[in-house]
Each structure stands twice: as C-alpha cells, then as structure tokens.
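Below: one structure, written as structure tokens.
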Amino acid sequence: TLHVKQYEGAPKPPSTATDPVTHIDIDQTATGGVKGTKENRCLDLEFREHADWLFGSCRGQSDWRSPAEIEDEFLKKGWLEGDAESTGPQGKSHVYSHVENVDNGWTATQIWGFQEIDGQRRYARNLVVAKDDKKVEFRLVYDYLVATPSTNRLFSSVTTAVSHPADVMVSKLNANRAPGEAFGGALSRIYKDIGFSGLWNGLPVRIVMIGTLTGLQWMIYDYFKIFMGLPTTGGASQAVEKK
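In this note's numbering, the protein residues as written are 9 to 251.
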C-alpha cells in the first residue's frame, strides 16, 4: 500500500533555491501492516542521498516530464495524455525518477503517470532497472483508494486483526510464564489453555478502539490543514488526483 502526500514547498537540501517545487512523500506498507520504505521526492532534478534497509545507499533525482522529454521507448509507452493528466508545471503529465545505487552499481529509472488498464484509468509506473550491460523492463499498476477516515479505519482494522493473535500470546506470556520456564514450553502450555479461539478474544473491542482513535487522528489532522490553508483528505480534490 502506498500512502501518498503531494504538496508544494521550498526545495530540500542540498538545494539552496527558495522558489516552491513539487514534493511527493510516499510511505509504503507491506501486507499485514509491515513497515516498508519511504520515498520522499523533490521534483527539481537535484541529486539527493538516501539509504534504507531494502535498497541500501542510493542517490536519486526527480522531475516533471512531458512525453517529448522521455527518451527510452519502454518508459514512454502506454500513457494517457489528456487534459486530466497534464496537471504538472507547463502542462507536463509525468513524474521522472532516476536512482543510482552506490553499493552495487545498478540504476533504476521510472516514469509515473496514468494508463488505461482493462478499460480503467489506473496509476502506473514504467520502470527500467539496469546494471552493466543488463537491463530489465517492467510496469507497476496500482489500485487507487482515497485516504479518508473510513478507508484508514478499514486498513487499521485489517492490520489489527492480523497482529491480534501474536499480541494476545505475548500478553499471556508476560503474565503467565513461570520463572525458568522455556519459551517453547510456555507457548505450548498457554495455547493448550486458551485454544485457537482464545487467540481472538477481545478483537472486536480492539478494532473499535483503534478505528475510533485513527478516525480522531484524521479529523485533527484535517482541521489543522484547514487552519493552515492546506488541501484536506478525501473527495476529488486536485491534489489527490495528481498523485
């Protein structure tokens, strides 16, 4: 799942410019709520350093591109190019991203935009990964869901359900593990006592509590953005459509 925030602001270091540019901040979450990586992009073509547990040390740059500015044949293939897509500066319709891996020497070049997939307008990325004389081309196609209190509550409910059995078992271990008792033995004994159904005790209450707190967090966040004059979440706002 990608959680996308797009906004205008001053460029991040090492740039010393002050004119606003487009920022796209993305948090990626894997299945089950596992924390993924962050993509914080500043669309000014300035190289910036980045390191994470998945890709290692990298340097990358991003910018807006028009179809005429895309040179690679695969990267320029399949895009929608109507008025709805031409929402960038000077009517540009695509985000360009280029990353160079410092540790292993590979490069990854992406073009982001919208394509028609099975009759539906979908957010997609054409991606070329290269190292030495080898090159791999592939396309990523995403489902789209507006980030609202309701959808965020849905995702929080799913991830809560996935993690609940482990949380119950950890709580039981902390409360009922005898001094000197082996971890495996304690785990087996507790499971025999509570059974499979016992792993799910309290799940509805936990979902209600976490969902309510998440909704309140979104409400506070949106009221803050209204106060600051920023776009809010939900609906068909231009900022959401441009992601």
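Glycine included, each C-beta is placed from N, C-alpha and C at the ideal position. Treat the numbers as computed from the prediction; the structure is a model and nothing was measured.
Find the nearest neighbour of residue i within the set the options, judged by alpha-carbon distance.
| i | options | result |
| --- | --- | --- |
| Ile215 | Thr168, Leu207, Trp208 | Thr168 |
| Cys66 | Val110, Trp72, Glu124, Ala174 | Val110 |
| Arg185 | Gln69, Ala194, Lys46, Val178 | Ala194 |
| Val165 | Arg197, Ala190, Met217 | Residue identity check: residue 165 is Ser in the sequence provided, not Val. The candidate whose alpha carbon is nearest that of Ser165 is Met217. |
| Tyr15 | Pro21, Pro28, Leu148, Thr24 | Pro28 |
| Pro173 | Phe55, Gly203, Tyr150 | Gly203 |
| Gln36 | Glu47, Thr26, Gln123 | Glu47 |
| Ser74 | Ser94, Leu62, Asp126, Glu81 | Ser94 |
| Lys139 | Ala116, Gly17, Tyr131, Leu88 | Ala116 |
| Arg56 | Pro22, Asp80, Trp72 | Pro22 |
| Val12 | Thr24, Asp33, Pro19, Thr26 | Asp33 |
| Gln128 | Leu211, Tyr150, Lys142, Leu135 | Tyr150 |
| Asp177 | Ala190, Val170, Tyr199 | The question names Asp, yet the displayed sequence has Met at residue 177. Looking at the Cα atoms, Tyr199 is the closest of the given residues. |
| Asn112 | Ala59, Lys180, Leu10 | Ala59 |
| Phe146 | Phe82, Leu221, Asp201, Ala190 | Phe82 |
| Leu51 | Trp114, Trp120, Ser179, Gly90 | Trp120 |
| Glu89 | Asp80, His102, Leu53, Thr24 | His102 |
| Asp126 | Gly86, Lys100, Glu108 | Gly86 |
| Val6 | Val144, Leu207, Leu148 | In the structure as shown, the chain starts at 9 and stops at 251, and residue 6 therefore has no counterpart that could be examined. |
| Ala92 | Thr45, Glu124, Ala190 | Glu124 |
| Asp201 | Ala18, Gly210, Lys180 | Lys180 |
| Glu108 | Ser196, Ile228, Pro187, Val136 | Val136 |
| Gly99 | Ala76, Ala190, Leu148 | Ala76 |
Taking buried to mean at least 16 other C-beta atoms within 10 Å of its own C-beta, is residue i buried or exposed?
| i | result |
| --- | --- |
| Tyr104 | buried |
| Gly64 | exposed |
| Ile78 | buried |
| Arg49 | buried |
| Lys142 | exposed |
| Ala132 | buried |
| Gln118 | buried |
| Gln71 | Gln is not the amino acid found at residue 71; the sequence shown has Asp there. It counts as buried. |
| Thr26 | exposed |
| Thr30 | buried |
| Asn134 | buried |
| Gly40 | In this prediction, Gly40 has a pLDDT of 49, which is less than 50 and means its spatial position is unreliable; what the coordinates show is noted afterwards. Gly40 is exposed by the Cβ-count criterion. |
| Gly68 | buried |
| Phe2 | Given that the chain is displayed from residue 9 to residue 251, the structure contains no residue 2 and the question cannot be resolved. |
| Pro19 | buried |
| Val213 | exposed |
Identify whether residue i lies in helix, strand or coil by the three-state DSSP scheme.
| i | result |
| --- | --- |
| Thr45 | strand |
| Thr168 | helix |
| Lys250 | Any answer about Lys250 is weak, because its pLDDT of 32 lies below 50 and its placement is not dependable; what the coordinates show is given next. The answer is coil: DSSP assigns Lys250 none of H, G, I, E or B. |
| Leu181 | helix |
| Gly17 | strand |
| Leu207 | coil |
| Phe146 | strand |
| Asp33 | strand |
| Leu51 | coil |
| Asp27 | coil |
| Gly40 | For Gly40, the predicted structure reports a pLDDT of 49, less than 50, and the residue's modelled location is therefore unreliable. A value from the coordinates is still provided. DSSP places Gly40 in helix when its eight states are reduced to three. |
| Pro22 | coil |
Does residue i come within less than 8 Å of chain C when only Cβ atoms are used?
| i | result |
| --- | --- |
| Gly127 | Protein chain content of the structure displayed is limited to a single chain, and chain C is not contained in it. |
Can you check the region 57-137 for any beta strand (DSSP E) of at least 3 residues that lies completely inside it and give the ranges in chain order?
Counting only unbroken stretches of 3 or more residues, the beta strand (DSSP E) elements lying wholly within the region 57-137 are 64-73, 102-109, 115-125, in sequence order.
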